[in-house]
Amino acid sequence: MDNNKIEVTGISKPLLRLIDERVRHFGGDRAAYIRDLIERDIFGTSHGHKHTFTEFRTKRTFDSQQWKADMESLAQGAEQIPVLPPESFTRESIYGNHD
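The sequence shown begins at 8 in this note's numbering and counts up one residue at a time.
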């Protein structure tokens, strides 16, 4: 396997549709969008803002504007997420018979 290539399997068709919808909205291609998601998850920022190794080792301060932008990004398309019934959140549904 190429060191710069990662194969992702098991992505559901609804998730792929949402990814493609975001790609159409923001431009670019699917690979670039997924790469940006990985960078945001690992580094807390997109590829547009690079860090040095020393910066990764130091604690970042809270950026309220970035947090707000991230929350707005997460909320896009949220109306398509199905609402779970209340019984999904009972102790029994979470833990089962485990005490």
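Note that beta-carbon positions come from the ideal geometry of N, C-alpha and C, so glycine has one too.
Taking its Cβ as the centre, do 16 or more other Cβ atoms sit within 10 Å of R29, making it buried, or is it exposed?
With 16 or more other Cβ atoms within 10 Å, it is buried.
Count the other CB atoms within 10 Å of the CB of T16; is the residue buried (16 or more) or exposed (fewer)?
Exposed, since its Cβ has fewer than 16 Cβ neighbours within 10 Å.
Compute the distance between the beta-carbons of R37 and D48, then report whether it is under 8 Å.
No.
Closest to G76 by C-alpha separation, out of G51, F96, E99, would be which residue?
Strictly speaking, residue 76 in this sequence is Ala, with Gly absent from that position. Taking only the C-alpha atoms, the option nearest A76 is G51.
Report the residue ranges of all beta strand (DSSP E) runs contained in full by the region 11-58; include only those spanning at least 3 residues, in chain order.
Segments of the beta strand (DSSP E) lying fully in the region 11-58: there are none.
Look at the alpha carbon of G79 and the alpha carbon of H32, and state the distance between them as a whole number of angstroms.
The sequence given here places Glu at residue 79; Gly does not occur at that position. Each residue's alpha carbon lies about 14 Å from the other.
If we ignore side chains and look at the alpha-carbon of each, how far apart do K12 and Q83 end up?
Between K12 and Q83, the C-alpha separation is close to 28 Å.
Among residues of its own chain, excluding the 5 on either side of Y40, which ones have a beta-carbon nearer than 8 Å to its beta-carbon?
Taken in chain order, the residues that qualify are I26, R29, V30, F33.
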